[in-house]
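Undergrad: If you scroll down you'll find the structure; I have some questions about it.
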Amino acid sequence: MWLLYHFFAFLVLHLPKRASLSLARYSALYQYWTTPVLKRRLRTNLSQVLRETGRSQTELEGLVREGYLNFGRYLHELYFVPRIDQNFLKLHLEVRGRENLDQAFQQGRGVISLTAHLGNWELAGIFTALLGYPITVVALPHQGQMMNHFFLQRRKAKGVKVVLLGKQTKRLITALRQNELVALLGDRAFGPPYLSLKFFGKTALLPAGPAQLAVKLGSPIVPGFLVRENEKYILFFEPPIYPDLKKDGLDAVNDLAERAIVYLEKYIGAYPSQWLVFNDIWKQ
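The opening residue of the sequence shown carries number 0 in numbering that gives the first Met the number 0; numbering runs sequentially from there.
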């Protein structure tokens, strides 16, 4: 599989952009027509989002198809990472709410950036590093050492430090104590510990880690998301969310998680076709 990834990366880096984007589009459409189980899961997730945001279910199939196309774009962008530099950011990136991130750092306890599988969360970390922020991301291990190496090298080459999910979690605590940024995904739990939270109107098991870390260290959570709009990237940073010092234990963790999840719902609801979760969120 890693040879296939290297092959596509070679094509993306050497073909004209229009041609490589067409290749990504056709590959995504092929997946759309040949992966019925994944399609059903995405359809179920997006149906719940539409229901809770008051949008018509007649939009559903179009959003599912768009979701596959956006996943093709996501992969294309990962292959293109070696060409991303400061000049690329000047031409293609708009940052909104950077002052919120800077404000959060002033406390000196590090910052937890809570994000989702929305837009391109990998590029969000890379762009943040290129903007000058020390960032550590938690990433899901891929099958096989060569596949891990392929993705880890792309992140590290742009200044992103990586902790694989379930390993070396002490490094996250160290990073926060050094007043650095730790980026965590909050819309899908890959393993315990979980929190049972209302998410788009239905109870889901979601990661407890972001809120637990924030409560343990007194670190603020800054919701952050990278989405595409009109062929431009927009990186959003919301105002910091602080743990309630009047609460402790699980009450404090649940309270913080409930206040943070509102922002996941806000951005997923605004950009549903860019929410790329092909698992049954509400059936875990």
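Every residue gets a Cβ at the ideal spot worked out from N, C-alpha and C, and that includes glycine.
This one's a predicted model, so the numbers in the text were calculated from it and none came from an experiment.
Between D247, G61, F189, E228, which has its C-alpha nearest L205's C-alpha?
TA: Counting from one through the sequence shown, the residue named residue 205 turns up at place 206. Looking at the Cα atoms, F189 is the closest of the given residues.
Undergrad: Compare the C-alpha of Q142 against each of S19, W281, Y4 and name the closest.
TA: Counting from 1 along the sequence shown, the entry for residue 142 is found at position 143. Closest option to Q142, Cα to Cα, is Y4.
Undergrad: Helix, strand or coil, according to DSSP, for S112 in the structure here?
TA: Locating residue 112 in the sequence shown gives position 113, counting from the first residue. Here DSSP, grouped into helix, strand and coil, assigns S112 to strand.
Undergrad: T202 bridges to which residues according to DSSP?
TA: Residue 202 sits at position 203 when you count from the first residue of the sequence shown. K197, per the DSSP bridge assignment.
Undergrad: Do E51 and S272 have their beta-carbon atoms positioned less than 8 Å apart in this structure?
TA: Within the sequence shown, the letter at position 273 stands for residue 272. Within the sequence shown, the letter at position 52 stands for residue 51. Against a cut-off of 8 Å, the Cβ pair of E51 and S272 comes out as no contact.
Undergrad: Using the C-alpha atoms, what's the distance from M146 back to L113?
TA: Stepping through the sequence shown from its first residue, residue 113 is reached at position 114. Stepping through the sequence shown from its first residue, residue 146 is reached at position 147. Their Cα atoms are separated by approximately 25 Å.
Undergrad: Using DSSP with H/G/I as helix, E/B as strand and the rest coil, what is V161?
TA: Position 162 of the sequence shown, counted from the start, is the residue given in the question as residue 161. In this structure, V161 counts as strand in the three-state DSSP scheme.
Undergrad: Does the Cβ-Cβ distance between G109 and V181 come in under 8 Å?
TA: Here the question's residue 109 lines up with position 110 in the sequence shown. Here the question's residue 181 lines up with position 182 in the sequence shown. The answer is yes: Cβ separation under 8 Å.
Undergrad: Is the beta carbon of G268 closer than 8 Å to that of V48?
TA: Along the sequence shown, read from residue 1 onward, the residue named residue 48 stands at position 49. Along the sequence shown, read from residue 1 onward, the residue named residue 268 stands at position 269. Yes.
Undergrad: By Cβ distance, which residues of its chain are closer than 7 Å to Y316, with the 5 residues on each side in sequence left out?
TA: Because the chain in this structure spans residues 0 to 283, residue 316 falls outside the shown range and cannot be described.
Undergrad: Determine the direct distance from the alpha carbon of Q56 to that of G131, and round the result to whole angstroms.
TA: Counted from its first residue, the sequence shown places residue 131 at position 132. Counted from its first residue, the sequence shown places residue 56 at position 57. Between G131 and Q56, the C-alpha separation is close to 42 Å.
Undergrad: State the Cα-Cα distance for the pair L77 and K245, rounded to the nearest angstrom.
TA: For the purposes of this step, residue 77 is taken as residue 78 along the sequence shown, with counting starting at 1. For the purposes of this step, residue 245 is taken as residue 246 along the sequence shown, with counting starting at 1. About 43 Å.
Undergrad: Which of the three DSSP states, helix, strand or coil, is assigned to R227?
TA: Within the sequence shown, numbered from 1, the residue matching residue 227 stands at position 228. R227 falls in the strand class under three-state DSSP.
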